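Enquirer: Numbering (my numbering), first residue to last: 55 to 296.
The C-beta atom is built at its ideal place from N, Cα and C for all residues, glycine as well.
Here the structure is a predicted model, which means the values were calculated and not measured.
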Amino acid sequence: MGAVSKPPSIDPRAAPIHRVDHDLPAVPWAQLQPQALRQRFAQERVWTPEVVREPQFSSRAPAEAAVLVPIVMRDEEGPTVLLTQRTAHLSTHSGQIAFPGGKVDAEDADVQATALREAHEEVGLHPRHVQVIGQLPQYITGSAFWVTPVIALVSPDLELQANPDEVDAVFEVPLAFLMDPANHRQHRMQWQGAERQWFSMPYLENIRTDSGEQAQVERYIWGATAAMLRNFYRLLMAHPAG
């Protein structure tokens, strides 16, 4: 199936839910810990990405890009994934939940360098806090970005400073939540004469308001971000080669 980034006129929250994968097992807690994650990328795995390409809605030339999938090594609550909400005025994927990342520059040594540079520029995540442990297969968005997800472990003493021109919010979601298919919704919708399909993983974040009260805000993870997380789930559940 193809996951879509938001072309004009689609409201992903209004799309029907085709199914929720309650029947698939969650990644065991022990396999979400830092050493286990390192071993996953150190050992060859037999697996196939579930989502690799979105239906194209952009006529521009393809652009190579990379995103950082930053797994923060929290102790008590368990590892989390650092995500951003993009500002509303950006030309692509505006307002969406995303990983830090962007287009590959000519000066970048490789896609890992791109991901680290973009994370530093977007949210102030310094490379000294980051240990890259692997990559996922390239993912092609509907807006013609050829994206390589770079998986990294991040020290919990990280310091962040979001770039207000690109990022409205920075937040963390438990990795266990994202690696549990019971939280993966599959959607189908007719749009411009074709069926569009994608995943969503809505997450309710507990926040403190300006008045000091507790409240919840929905972080609606969908499209390319959700698709790459789904592929990460498939990798973590894959069997070793041989």
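DSSP on H147, reduced to helix/strand/coil?
Expert: Legend: pLDDT at H147 = 46, less than 50; position of this residue unreliable, value from coordinates given subsequently. H147 falls in the coil class under three-state DSSP.
Enquirer: Let me know the secondary structure DSSP gives V208 once reduced to three states.
Expert: Here V208 sits in strand by DSSP.
Enquirer: I233 and Y193: beta carbons closer than 8 angstroms?
Expert: Here residue 233 is Met; the residue named in the question, Ile, does not match the sequence. No; because the gap between Cβ atoms is not below 8 angstroms, this pair is not in contact.
Enquirer: In the DSSP output, which residue or residues are listed as bridge partners for R182?
Expert: DSSP, once it has assigned bridges, lists no residue as partnering R182.
Enquirer: Would you kindly work out how many angstroms separate the C-alpha atoms of Q110 and T102, rounded to a whole number?
Expert: Answer to the nearest angstrom: the Cα atoms are 22 angstroms apart.
Enquirer: Quick test of your reading: V227 and V135, contact by CB under 8 angstroms. State the CB separation rounded to the nearest angstrom.
Expert: V227 to V135, Cβ: 5 angstroms. Contact.
Enquirer: Judging by CA-CA distance, which residue of L290, Q139 and F253 is the nearest neighbour of M243?
Expert: Among L290, Q139 and F253, the Cα nearest to that of M243 belongs to F253.
Enquirer: Do the stretch 168-183 and the stretch 80-94 make contact, defined as three or more Cβ pairs closer than 8 angstroms?
Expert: Too few Cβ pairs lie closer than 8 angstroms, so no.
Enquirer: Could you check how far apart the C-beta atoms of V165 and V208 are, in whole angstroms? I think they sit under 8 angstroms.
Expert: Actually they are not in contact, since the Cβ atoms of V165 and V208 sit about 18 angstroms apart, beyond 8 angstroms.
Enquirer: Between A117 and the rest of its own chain, which residues show a CB-CB distance below 6 angstroms, the 5 nearest in sequence each way excluded?
Expert: Closer than 6 angstroms at Cβ, skipping near neighbours: K157 and F199.
Enquirer: Can you name the residues that DSSP bridges to L190?
Expert: Beta-bridge pairing links L190 to no other residue.
Enquirer: Quick check on DSSP: helix, strand or coil for L136?
Expert: L136 falls in the strand class under three-state DSSP.
Enquirer: Pick out whichever of A96, R262 and L229 has its Cα sitting closest to the Cα of E131.
Expert: Selected option, being the one with the closest Cα: L229.
Enquirer: Beta-carbon within less than 8 angstroms of P294's beta-carbon, same chain only, minus the 5 sequence neighbours each way: which residues are those?
Expert: Result list for P294: Q97, E98, R99 and V100, in chain order.
Enquirer: Taking V126 as part of the beta strand (DSSP E), name the residues at either end of that continuous run.
Expert: Segment A117 to V126, the beta strand (DSSP E) holding V126.
Enquirer: Give me the Cα-Cα distance between H147 and V121, rounded to the nearest whole angstrom.
Expert: Caution is warranted here: a pLDDT of 46 is assigned to H147, below 50, making its placement in the model unreliable, and the coordinate value is therefore given only provisionally. Distance between the alpha carbons of H147 and V121 is about 14 angstroms.
Enquirer: Measuring alpha carbon to alpha carbon, tell me which of E272, P235, Q189 and V126 ends up nearest R284.
Expert: Residue P235 is the option with its Cα nearest to R284.
Enquirer: Taking the alpha-carbon positions, what's the H72 to H241 distance?
Expert: Going by the C-alpha atoms only, they are around 5 angstroms apart.
Enquirer: Out of H180, A169 and R182, state which residue places its alpha-carbon closest to the alpha-carbon of G188.
Expert: Checked all of H180, A169 and R182; the closest Cα to G188 is A169.
Enquirer: Quick check on the burial criterion: 16 or more other C-beta atoms within 10 angstroms. Buried or exposed for T263?
Expert: Classification of T263: exposed, given that the 10 Å Cβ count is below 16.
Enquirer: So, with DSSP's three-state summary, where would you put R99?
Expert: Residue state, collapsed to three classes: strand.
Enquirer: Give the single residue among Q185, P124 and A80 whose Cα lies nearest to the Cα of F153.
Expert: Comparing Cα positions, the closest option is P124.
Enquirer: Where do the ends of the beta strand (DSSP E) carrying H174 lie?
Expert: Segment V165 to V177 is the alpha helix (DSSP H) holding H174; no beta strand (DSSP E) there.
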